[in-house]
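Have a look at the structure below before the remarks.
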Amino acid sequence: MMKAINAKELLNERYGKRGSEEREEFREEAFSYYFGEIIKSRRKELNLSQSQLAERIGKQRPYISRIENGEDIRISNLTLVANALDLSIVVTAK
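The numbers in the UniProt record's numbering rise by one with no breaks, and the one at position 40 of the sequence shown is 40.
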């Protein structure tokens, strides 16, 4: 019989305890990936090509590709793209 895996324990084992440098790096990469997937999904939902989205925000197509691949997600860039895709960003306190 397989042992149940606790997600918190798995994260601790693979990426270190919460607050560690390794865990924070993983967290940032995970959020970048997640936001990239949201942007890609919305772009496709609107039937826009990467080139068309890039044109809307005054950037080049490779820039959109990097964002969708989670490589270039800064809040200012995320806001710019989100506005072009009619998405909203909500920031809340913990």
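Glycine residues also receive a C-beta, built at the ideal position from the N, C-alpha and C atoms. For clarity, every value in this text was computed on a predicted model and none was experimentally measured.
If you ignore the 5 residues before and after Ser-88, its C-beta comes within less than 8 Å of the C-beta of Ala-82, all in its own chain and listed in chain order. Judged by DSSP secondary structure, Arg-74 falls outside any alpha helix (DSSP H); it is assigned neither H nor E.
About 4 Å separates the CB atoms of Gly-36 and Gly-70; that is less than 8 Å, so the two are in contact. Taking every protein chain shown into account, the CB of Glu-68 has 16 or more other CB atoms within 10 angstroms, so this residue is buried.
Fully contained in the UniProt domain "HTH cro/C1-type" (39 to 92) are the following alpha helix (DSSP H) runs of length 4 or more, in chain order: 50 to 57, 61 to 68, 75 to 84.
In the structure shown, the three-state DSSP call for Ala-7 is helix. Counting the other Cβ atoms within 10 Å of the Cβ of Arg-43 gives 16 or more, which makes it buried. Around the C-beta of Leu-78, 16 or more other C-beta atoms lie within 10 Å, and the residue is accordingly described as buried. Arg-14 sits in a helix when the DSSP states are folded into three classes.
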